[in-house]
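Counting along the sequence shown from 1, when you hit position 88 you're at 87 in numbering that gives the first Met the number 0, and nothing is skipped either side.
All C-beta atoms, glycine included, are put in the ideal place defined by N, C-alpha and C.
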Amino acid sequence: MPGSNQKLAIAMLALMVTVGLLSFSMVSSVRKGRLTTTDMNKVEQAIDYLNLQPYADRYLDELSGGQLQRAFVAMVLCQDTDYVLLDEPLNNLDMPHAIAMMRQLRHAADTFGKTVVAVLHDINFASSYSDHIVAMREGRVVAQGAPATIIQPDVLKTIYGIDIGVHVIEGRPVAVCY
(Lines of atoms letter the chains of each structure in order from A and count residues from 1; the text may use other names and numbers.)
(Lines give C-alpha, C1' and ligand atoms only; values in the text may rest on other atoms or scores of the structure.)
Protein backbone atom coordinates (compact mmCIF):
# COMPACT_ATOMS: atom_id res chain seq x y z
CA MET A 1 0.00 0.00 0.00
CA PRO A 2 1.44 3.38 -0.95
CA GLY A 3 2.52 5.68 1.85
CA SER A 4 0.79 8.99 2.50
CA ASN A 5 3.58 10.89 0.70
CA GLN A 6 3.03 8.83 -2.45
CA LYS A 7 -0.74 9.44 -2.26
CA LEU A 8 -0.05 13.18 -2.01
CA ALA A 9 2.38 12.97 -4.94
CA ILE A 10 -0.21 11.15 -7.04
CA ALA A 11 -2.63 13.97 -6.28
CA MET A 12 -0.21 16.44 -7.85
CA LEU A 13 -0.52 14.86 -11.27
CA ALA A 14 -4.02 13.57 -10.58
CA LEU A 15 -5.13 17.11 -9.79
CA MET A 16 -4.90 18.06 -13.43
CA VAL A 17 -6.73 14.92 -14.51
CA THR A 18 -9.32 15.49 -11.78
CA VAL A 19 -9.90 19.05 -12.98
CA GLY A 20 -11.25 17.63 -16.24
CA LEU A 21 -13.55 15.28 -14.37
CA LEU A 22 -14.61 17.96 -11.89
CA SER A 23 -15.47 20.47 -14.60
CA PHE A 24 -17.53 17.73 -16.28
CA SER A 25 -19.24 16.73 -13.03
CA MET A 26 -20.06 20.34 -12.10
CA VAL A 27 -22.75 20.35 -14.78
CA SER A 28 -24.22 17.11 -13.49
CA SER A 29 -27.24 17.59 -11.26
CA VAL A 30 -26.44 14.24 -9.62
CA ARG A 31 -22.90 14.99 -8.44
CA LYS A 32 -23.20 18.76 -7.94
CA GLY A 33 -19.44 19.11 -8.29
CA ARG A 34 -18.52 16.51 -5.69
CA LEU A 35 -16.17 13.70 -6.63
CA THR A 36 -17.23 10.18 -5.72
CA THR A 37 -15.08 7.11 -5.16
CA THR A 38 -16.06 6.04 -8.67
CA ASP A 39 -14.81 9.38 -10.00
CA MET A 40 -11.46 9.01 -8.25
CA ASN A 41 -11.18 5.46 -9.61
CA LYS A 42 -11.70 6.86 -13.13
CA VAL A 43 -8.92 9.37 -12.51
CA GLU A 44 -6.54 6.62 -11.39
CA GLN A 45 -7.56 4.41 -14.34
CA ALA A 46 -6.91 7.26 -16.80
CA ILE A 47 -3.47 7.86 -15.27
CA ASP A 48 -2.72 4.13 -15.49
CA TYR A 49 -4.07 3.89 -19.06
CA LEU A 50 -1.74 6.66 -20.25
CA ASN A 51 1.21 5.19 -18.30
CA LEU A 52 1.64 8.28 -16.13
CA GLN A 53 2.22 6.43 -12.83
CA PRO A 54 6.03 6.87 -13.00
CA TYR A 55 5.52 10.64 -12.92
CA ALA A 56 3.12 10.66 -9.98
CA ASP A 57 5.73 12.19 -7.67
CA ARG A 58 6.30 15.20 -9.93
CA TYR A 59 4.62 18.56 -9.97
CA LEU A 60 2.97 19.50 -13.24
CA ASP A 61 5.70 22.01 -14.07
CA GLU A 62 8.24 19.18 -13.78
CA LEU A 63 6.59 17.14 -16.55
CA SER A 64 7.94 17.18 -20.08
CA GLY A 65 5.74 18.47 -22.87
CA GLY A 66 4.92 14.92 -23.91
CA GLN A 67 4.06 13.82 -20.37
CA LEU A 68 1.84 16.87 -19.97
CA GLN A 69 0.17 16.08 -23.31
CA ARG A 70 -0.60 12.57 -22.08
CA ALA A 71 -2.01 14.07 -18.88
CA PHE A 72 -4.35 16.23 -21.00
CA VAL A 73 -5.61 13.11 -22.78
CA ALA A 74 -6.05 11.34 -19.43
CA MET A 75 -8.09 14.35 -18.32
CA VAL A 76 -10.48 13.83 -21.22
CA LEU A 77 -10.64 10.02 -20.92
CA CYS A 78 -11.55 10.07 -17.24
CA GLN A 79 -14.74 11.96 -18.12
CA ASP A 80 -15.95 8.70 -19.68
CA THR A 81 -17.89 10.35 -22.50
CA ASP A 82 -18.95 8.63 -25.71
CA TYR A 83 -17.04 11.20 -27.78
CA VAL A 84 -13.42 12.23 -27.28
CA LEU A 85 -12.34 15.40 -29.10
CA LEU A 86 -8.59 16.01 -29.23
CA ASP A 87 -6.66 18.86 -30.79
CA GLU A 88 -3.21 17.67 -31.82
CA PRO A 89 -2.78 14.89 -29.23
CA LEU A 90 0.64 14.06 -30.71
CA ASN A 91 2.02 17.55 -30.06
CA ASN A 92 5.30 17.39 -28.07
CA LEU A 93 5.49 13.60 -28.36
CA ASP A 94 8.53 11.82 -29.74
CA MET A 95 7.89 9.00 -32.20
CA PRO A 96 7.61 6.11 -29.68
CA HIS A 97 5.19 8.11 -27.51
CA ALA A 98 3.20 9.29 -30.53
CA ILE A 99 2.78 5.68 -31.64
CA ALA A 100 1.80 4.65 -28.11
CA MET A 101 -0.74 7.49 -27.95
CA MET A 102 -2.33 6.53 -31.26
CA ARG A 103 -2.48 2.88 -30.19
CA GLN A 104 -4.15 3.91 -26.94
CA LEU A 105 -6.67 6.09 -28.76
CA ARG A 106 -7.37 3.28 -31.26
CA HIS A 107 -7.79 0.89 -28.31
CA ALA A 108 -10.18 3.35 -26.60
CA ALA A 109 -12.26 3.50 -29.76
CA ASP A 110 -12.31 -0.26 -30.29
CA THR A 111 -12.53 -1.56 -26.74
CA PHE A 112 -14.44 1.15 -24.90
CA GLY A 113 -16.72 2.11 -27.79
CA LYS A 114 -15.47 5.70 -27.90
CA THR A 115 -15.73 7.90 -30.95
CA VAL A 116 -12.37 9.65 -31.10
CA VAL A 117 -12.04 12.77 -33.23
CA ALA A 118 -8.47 14.02 -33.37
CA VAL A 119 -6.84 16.85 -35.27
CA LEU A 120 -3.60 15.48 -36.70
CA HIS A 121 -1.07 17.05 -39.04
CA ASP A 122 0.67 13.79 -39.87
CA ILE A 123 -1.26 12.13 -42.69
CA ASN A 124 0.51 8.80 -42.10
CA PHE A 125 -0.66 8.62 -38.48
CA ALA A 126 -4.17 9.43 -39.67
CA SER A 127 -3.90 6.76 -42.35
CA SER A 128 -2.58 4.11 -39.98
CA TYR A 129 -5.01 4.55 -37.09
CA SER A 130 -8.20 6.14 -38.45
CA ASP A 131 -11.37 4.66 -39.86
CA HIS A 132 -12.32 7.95 -41.51
CA ILE A 133 -10.29 11.02 -42.48
CA VAL A 134 -11.67 14.50 -42.98
CA ALA A 135 -9.01 16.51 -44.83
CA MET A 136 -9.15 20.29 -44.68
CA ARG A 137 -7.39 23.07 -46.50
CA GLU A 138 -7.78 26.74 -45.62
CA GLY A 139 -10.62 25.95 -43.22
CA ARG A 140 -12.69 23.96 -45.72
CA VAL A 141 -13.30 20.25 -46.12
CA VAL A 142 -11.46 19.14 -49.26
CA ALA A 143 -11.92 15.38 -49.00
CA GLN A 144 -13.22 12.78 -46.64
CA GLY A 145 -13.45 9.03 -46.53
CA ALA A 146 -11.59 5.88 -45.60
CA PRO A 147 -7.79 6.17 -45.46
CA ALA A 148 -7.41 4.14 -48.66
CA THR A 149 -9.62 6.70 -50.43
CA ILE A 150 -7.80 9.76 -49.07
CA ILE A 151 -4.22 8.53 -49.29
CA GLN A 152 -4.05 8.72 -53.07
CA PRO A 153 -1.65 10.96 -55.05
CA ASP A 154 -4.42 12.97 -56.74
CA VAL A 155 -6.36 13.52 -53.48
CA LEU A 156 -3.19 14.46 -51.58
CA LYS A 157 -2.29 16.95 -54.35
CA THR A 158 -5.69 18.59 -53.87
CA ILE A 159 -5.21 18.73 -50.09
CA TYR A 160 -1.59 19.85 -49.89
CA GLY A 161 -0.93 21.41 -53.30
CA ILE A 162 2.21 19.31 -53.82
CA ASP A 163 2.99 15.98 -55.44
CA ILE A 164 3.07 13.20 -52.87
CA GLY A 165 3.91 9.62 -53.66
CA VAL A 166 1.95 6.80 -52.09
CA HIS A 167 3.28 3.34 -51.31
CA VAL A 168 1.45 0.43 -49.74
CA ILE A 169 3.46 -0.95 -46.85
CA GLU A 170 2.08 -3.86 -44.85
CA GLY A 171 -1.32 -3.23 -46.39
CA ARG A 172 -1.46 0.45 -45.45
CA PRO A 173 -1.11 3.43 -47.78
CA VAL A 174 1.87 5.58 -46.78
CA ALA A 175 2.42 9.09 -48.13
CA VAL A 176 6.01 9.96 -49.01
CA CYS A 177 6.79 13.57 -49.86
CA TYR A 178 10.58 13.65 -49.60
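Going by DSSP in three states, residue i sits in which element: helix, strand or coil?
i: Gly-170; result: coil
i: Gly-64; result: helix
Name, in chain order, the residues that DSSP records as bridge partners for residue i.
i: Ala-134; result: Ala-142
i: Ala-117; result: Leu-85
Note down, in chain order, each residue of its chain lying with its Cβ closer than 7 Å to the Cβ of residue i, except the 5 sequence neighbours on either side.
i: Asp-79; result: Lys-41
i: Gly-65; result: Asn-91, Leu-92, Asp-93, His-96
Excluding five sequence neighbours on each side, which residues of the same chain lie with their C-beta closer than 6 Å to the C-beta of residue i?
i: Thr-157; result: Val-141
i: Leu-119; result: Ala-125
i: Val-154; result: Ala-142
Residues in the same chain with beta-carbon distance under 8 Å from residue i, minus the five sequence neighbours each way, listed in chain order, please.
i: Val-75; result: Gly-19, Val-83, Leu-84, Leu-85
i: Thr-37; result: none
i: Val-26; result: Below a pLDDT of 50, predicted positions are generally treated as unreliable, and Val-26, at 46, falls in that range; the measurement from the model is reported next regardless. Within the same chain, Val-26 has no close Cβ partners at all.
Since residue i and residue j are thought to touch, with beta carbons under 8 Å apart, how far apart are those beta carbons, to the nearest angstrom?
i: Pro-146; j: Asp-162; result: With a Cβ gap of about 19 Å, Pro-146 and Asp-162 do not count as contacting.
i: Ala-97; j: Leu-104; result: Incorrect: roughly 11 Å between the Cβ atoms, too far for contact.
i: Val-72; j: Leu-92; result: Incorrect: roughly 10 Å between the Cβ atoms, too far for contact.
i: Ala-45; j: Asn-123; result: The pair is not a contact, with the Cβ atoms about 27 Å apart (cut-off 8 Å).
i: Ala-107; j: Val-115; result: 6 Å
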